[in-house]
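Q: First, the structure itself, so that you have it in front of you.
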Amino acid sequence: MVRLIAIVLLIALAFILIRYRTNQKLQKGVGHCYFGRPLFYYTTFLVISELIR
1 MVRLIAIVLL IALAFILIRY RTNQKLQKGV GHCYFGRPLF YYTTFLVISE
51 LIR
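Written as structure tokens, this is what we have:
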């Protein structure tokens, strides 16, 4: 359920950034902040949890 909520929020954020033609630097910053870091943390968590098993 949490994943579904996160996906919906990220899609809404992407729609707002594209719809209102935000500054390109702001779009890149938000993209790195909201997509890059969580993806890195999630991947790291998965690898560590699999290694612990």
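Numbering (full-length UniProt numbering), first residue to last: 1 to 53.
By construction, the Cβ of each residue, glycine as well, lies at the ideal position given by its N, Cα and C atoms.
Quick one: what does DSSP say ARG3 is sitting in, helix, strand or coil?
A: Correct three-state label for ARG3: helix.
Q: ARG37 lies in the alpha helix (DSSP H); which residues open and close that run?
A: Note, ARG37: alpha helix (DSSP H), 37 to 52.
Q: Taking just the CA atoms, how far does TYR41 sit from ILE48?
A: Rounded to the nearest angstrom, the two C-alpha atoms are 10 angstroms apart.
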